[in-house]
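The structure appears right after this line, and notes come after that.
Protein chains: 2
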Amino acid sequence: MLKNSLLSKNNQTNLNILYRYYSNISNTKNSPKGFKTGTFACGLKKSGALDICLVYSEKECNVAAVFTENKVKAAPVLLSKSLIDKFNNKGFQSLIINSGGANACTGPEGEKNANTMSTLSSNLVNAKQPSLVMSTGIIGQQLDMIKVQNGIKKAAENLKDDWLSAAKAIMTTDKVPKLVQKSVEINGKTVNVTGICKGAGMIHPNMATMLCCICTDADISEDALKSALKHSIDYSFNSINVDGDMSTNDTVAIFSNGVAGNQKLTDTKSTEFLNFQKCVRETATELAQMIVKDAEGATKFISIIVRGAADEASAKVVANSIATSSLVKTAIYGEDANWGRVLAAVGYSGADVTPSKISMWFSAGDGKNIGIGQKNDPQNSMQFLKDGQPTPKDEERAAKLLSNKDVGIIVDLNQGNTDYTMWTCDLTVEYVKANSHYRT
Amino acid sequence: MLKNSLLSKNNQTNLNILYRYYSNISNTKNSPKGFKTGTFACGLKKSGALDICLVYSEKECNVAAVFTENKVKAAPVLLSKSLIDKFNNKGFQSLIINSGGANACTGPEGEKNANTMSTLSSNLVNAKQPSLVMSTGIIGQQLDMIKVQNGIKKAAENLKDDWLSAAKAIMTTDKVPKLVQKSVEINGKTVNVTGICKGAGMIHPNMATMLCCICTDADISEDALKSALKHSIDYSFNSINVDGDMSTNDTVAIFSNGVAGNQKLTDTKSTEFLNFQKCVRETATELAQMIVKDAEGATKFISIIVRGAADEASAKVVANSIATSSLVKTAIYGEDANWGRVLAAVGYSGADVTPSKISMWFSAGDGKNIGIGQKNDPQNSMQFLKDGQPTPKDEERAAKLLSNKDVGIIVDLNQGNTDYTMWTCDLTVEYVKANSHYRT
Chain A
1 MLKNSLLSKN
11 NQTNLNILYR
21 YYSNISNTKN
31 SPKGFKTGTF
41 ACGLKKSGAL
51 DICLVYSEKE
61 CNVAAVFTEN
71 KVKAAPVLLS
81 KSLIDKFNNK
91 GFQSLIINSG
101 GANACTGPEG
111 EKNANTMSTL
121 SSNLVNAKQP
131 SLVMSTGIIG
141 QQLDMIKVQN
151 GIKKAAENLK
161 DDWLSAAKAI
171 MTTDKVPKLV
181 QKSVEINGKT
191 VNVTGICKGA
201 GMIHPNMATM
211 LCCICTDADI
221 SEDALKSALK
231 HSIDYSFNSI
241 NVDGDMSTND
251 TVAIFSNGVA
261 GNQKLTDTKS
271 TEFLNFQKCV
281 RETATELAQM
291 IVKDAEGATK
301 FISIIVRGAA
311 DEASAKVVAN
321 SIATSSLVKT
331 AIYGEDANWG
341 RVLAAVGYSG
351 ADVTPSKISM
361 WFSAGDGKNI
371 GIGQKNDPQN
381 SMQFLKDGQP
391 TPKDEERAAK
401 LLSNKDVGII
411 VDLNQGNTDY
421 TMWTCDLTVE
431 YVKANSHYRT
Chain B
1001 MLKNSLLSKN
1011 NQTNLNILYR
1021 YYSNISNTKN
1031 SPKGFKTGTF
1041 ACGLKKSGAL
1051 DICLVYSEKE
1061 CNVAAVFTEN
1071 KVKAAPVLLS
1081 KSLIDKFNNK
1091 GFQSLIINSG
1101 GANACTGPEG
1111 EKNANTMSTL
1121 SSNLVNAKQP
1131 SLVMSTGIIG
1141 QQLDMIKVQN
1151 GIKKAAENLK
1161 DDWLSAAKAI
1171 MTTDKVPKLV
1181 QKSVEINGKT
1191 VNVTGICKGA
1201 GMIHPNMATM
1211 LCCICTDADI
1221 SEDALKSALK
1231 HSIDYSFNSI
1241 NVDGDMSTND
1251 TVAIFSNGVA
1261 GNQKLTDTKS
1271 TEFLNFQKCV
1281 RETATELAQM
1291 IVKDAEGATK
1301 FISIIVRGAA
1311 DEASAKVVAN
1321 SIATSSLVKT
1331 AIYGEDANWG
1341 RVLAAVGYSG
1351 ADVTPSKISM
1361 WFSAGDGKNI
1371 GIGQKNDPQN
1381 SMQFLKDGQP
1391 TPKDEERAAK
1401 LLSNKDVGII
1411 VDLNQGNTDY
1421 TMWTCDLTVE
1431 YVKANSHYRT
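Order-wise, the sequence lines are chains A and B.
One point on numbering: in the working numbering, the residue at position 67 of the first sequence is 67, and numbering is uninterrupted.
To convert a position in the second sequence, counted from 1, into the working numbering, add 1000.
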């Protein structure tokens, strides 16, 4: 556990940046029809906080999911993956999640326990198929299955429309619950999309960290659902970077039960599908940004905008190189407009850039509308590099721009027409403290 | 410039770790015959320290060099590369280096200045060919060429056998000069190898950081010299990682003038060549390790040993993934034997590992002789993972092991017979402070 002194310091650091988002979270505003959640504090968390979350759908759901690419996969990841394959992405009615233990690096006993969670929870809600399973928390320790089984029973006894409790029950080092609820009109029917996730960087000792569950009452085919999820993840969870480390348990799953009664979405080129996909993408993007904003020790939310790339692959490579540079991230922490470090990160990214074409800006806010051919509001931005060479500096104004909580780094490669945005946070003294001195 | 308070704090942090190496540095013990160096403080450094270094060889040298892969290359890098190509790696007698200005992102004027440095210095020493050029320091600023030209003249007037001054003249944020001198017997002749380098992580704002010059009196063909340099760099400068950031000026060059009078080395399979190559490799490895030990804010020197890999490529990928993990590096800073973070970094490295085969140890010292089938001195090491599952822990003893200044992380993939070692340092509060708050 984190030392109290550090935790309170971190909380203070993050309070401003978090408050804005926490205050936006409301419960059961646009909950997807036909879904219920049950939660319980079974004692896996010593604090006595909620640690079991059961998500249930009256109707059978189509399911799409994306799992960690880490070769070291936790037992629930392996189980959920095999269940989705076995049942061809359909027929699921339940998902069981526990926090307070990741069930990773736990061998055959861990596999047995994940199976028990799956079958017990699906039996309790009379689902035809086993539940999908997600676990998060300490790795390398067996779950206390007496507590877990009791927790699952209690959660199943009290199913209701309470997504905020669900979001709370999956938290580990998160300082705020992460819940987004959106709606979209599809052929005259309201389709609801609700997502919960947890994650605050892969920051905690032996913690497995990022989980997300999105539920929608849309009627949509398995293939279209897969397509919408893949697209949404590319521009949300795959477009954030806290510290470059990837957890053993990362799972994002989407459930659709069709209760909204819209005309079934099957054609991924139709306007209706694209509107639905946009809603899922925005839900996922807001959740992903919440993870960055909740990152341990972070004091700044950084938007990295790469413009004018030859193609999306190179735009991503450049953005990721900047987002993972310790030197860029410490410079932003120090509110130092250090364009040299950004340029170096662009140069070694591996993308085929032309140094003499690169222009660069820093901005307050999200950096939208900054770049070659953009509006370029000089009140909120400052150019530092033009065609590969430094422009005259105004250090004082630069420092003022970067004193904002939200800052943008805009790099125009001037090679093509592709833009791409990635989000990250600064690298701070508090991050290092939180990740090095954690024992009580 | 760094704030004084921070600088002195960093110096204290590093004093112990550095003293051991600094105390080993001696001057002109085994200097390569036929080489001289000239240095001068021309005023590029405000501190008045040495900032010009001229390396001269009486005889024409074969030269091999490796340059940064960063797409953004400084003017001296582009010039030196083109000169070596133009003259087919031979006929060089001089190298001119300045610190206090990297001549990067300086456009056509920067190219002209690099050319001036090259021709002025080669003319002053009556070399047939232009000098190679290296520059290090602030990027994005033009060099003060009046100072530089005066400095080159003064350096050329006072050539002598003084490699320690040469090592000092190329320092920027380095806290110690980096000089290694070695000798090897080749067919009854003593062959000397001397290397100087500079670098302390790419840590300083707008600094371009790593340079290395190795001089030898060996008689060796151009191709054999290239081969020896490539091999040596793979296991030295390409096997260290301070913060993952790559500078715009990284250059490593080796000069051989043949004055030792050994039978010319041409066959890269001969014992004589391999002995010479080993000497160059050891010189380069010691220099590279000095860079890690001098890294801003570092308190630990970490050896990452990957054993039992299927091939060298996968061993390197795994080692690099561990060495660039912020979570692993902060854990070591906190003296926390956090095997979960190491395992996660192995898992997401991209190498095709089998989680259930992986074993892992932490050690005091360099971690040699730890692993499956090794001596495994239990006094200095502790196993944390056996065949993918955690072993019983003794936290107190683990903390004691990791309280050493030198620590090892040993990962046995148990898939093949390839071992590979990489060196890095911890990620500390001082690193973040030094890289974020640098202005006076």
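Ideal placement from N, C-alpha and C gives every residue a C-beta, glycine not left out.
Owing to the predicted nature of the structure, the values given are computational and were not obtained by experimental measurement.
In this structure, C1215/B lies near F1255/B, with their beta-carbon atoms less than 7 Å apart.
With a cutoff of 7 Å on beta-carbon distance, E1069/B and Q1093/B are scored as not near each other.
Within a 10 Å sphere around the beta-carbon of D250/A sit 16 or more other beta-carbons, which makes this residue buried. Short of 6 Å from the beta carbon of C197/A, and not among the five residues preceding or following it, lie these beta carbons of its own chain, in chain order: K178, C212, L287.
When the beta-carbon positions are compared, L159/A and S80/A stay at least 7 Å from each other. Per DSSP, the continuous beta strand (DSSP E) segment holding M382/A begins and ends at 381-386. Straight across, the Cα-Cα distance linking Q1142/B with V1148/B is about 11 Å. With its beta carbon less than 7 Å from one in chain A, K1071/B belongs to the interface. Counting only Cβ-Cβ distances below 9 Å, K405/A has no contacts in chain B at all, with the closest Cβ about 16 Å away. Here N238/A carries a helix assignment [DSSP, helix/strand/coil]. Residues of chain B whose Cβ lies closer than 9 Å to the Cβ of V353/A are, in chain order, K1071, V1072. Scanning the region 1271-1331 of chain B for uninterrupted beta strand (DSSP E) segments of 3 residues or longer gives 1301-1309, listed from N- to C-terminal end. Sorting I1370/B, L1229/B, T1424/B, A1104/B by C-alpha distance to the C-alpha of Y1333/B places T1424/B at the top. Listed along chain B, the residues sitting closer than 7 Å to G388/A by beta-carbon distance are C1105.
Annotated as proximal: V1055/B and T1037/B, with beta-carbon spacing under 7 Å.
Below the 8 Å Cβ cutoff, chain B contributes S1326, L1327, T1330, A1331, G1334 as neighbours of N435/A, in chain order. In the structure shown, I1233/B adopts helical secondary structure according to DSSP, grouped into three states.
Bounds of the alpha helix (DSSP H) holding D85/A are 75-86. Under the Cβ distance rule, A1344/B counts among the residues neighbouring chain A, one pair being separated by less than 7 Å.
Within chain B, the C-beta atoms nearer than 7 Å to that of I139/A come from G1340, in chain order. In chain order, V429, V432, K433 make up the part of chain A whose C-beta sits under 7 Å from the C-beta of V1429/B. Assigned with DSSP and collapsed to three states, Q389/A falls in strand.
By the criterion of a C-beta distance shorter than 6 Å, K46/A is surrounded by no residue of its chain, once the five residues flanking it on both sides are discounted. Cβ proximity to chain A below 7 Å picks out D1243, G1244, D1245, M1246, S1247, T1248 from the region 1222-1250 of chain B. Here N369/A has K375, N376, D377 as same chain residues with Cβ atoms under 8 Å from its own Cβ, once five neighbours each way along the sequence are excluded. If you check the CB distance, I1220/B and L1164/B do not come in under 7 Å. In the displayed model, V72/A falls within coil according to three-state DSSP, outside both helix and strand.
In the three-state reduction of the DSSP assignment, L1265/B falls in the strand class. For S221/A, no alpha helix (DSSP H) run applies, since DSSP gives it neither H nor E.
Within the model, the alpha-carbon separation for S349/A versus N238/A is close to 17 Å. Contact of G347/A with chain B is assigned, a C-beta pair being separated by under 7 Å. In the DSSP annotation of this structure, the continuous segment of the beta strand (DSSP E) that includes K178/A starts and ends at 178-186.
Counting along the chain, Y1348/B sits inside no beta strand (DSSP E), nor does DSSP assign it H or E at all. The C-beta of G48/A has fewer than 16 other C-beta atoms within 10 Å across all chains shown, which makes the residue exposed.
Looking at S1122/B, A1337/B, N1187/B, A1315/B, the one whose alpha-carbon comes closest to that of L1401/B is A1337/B.
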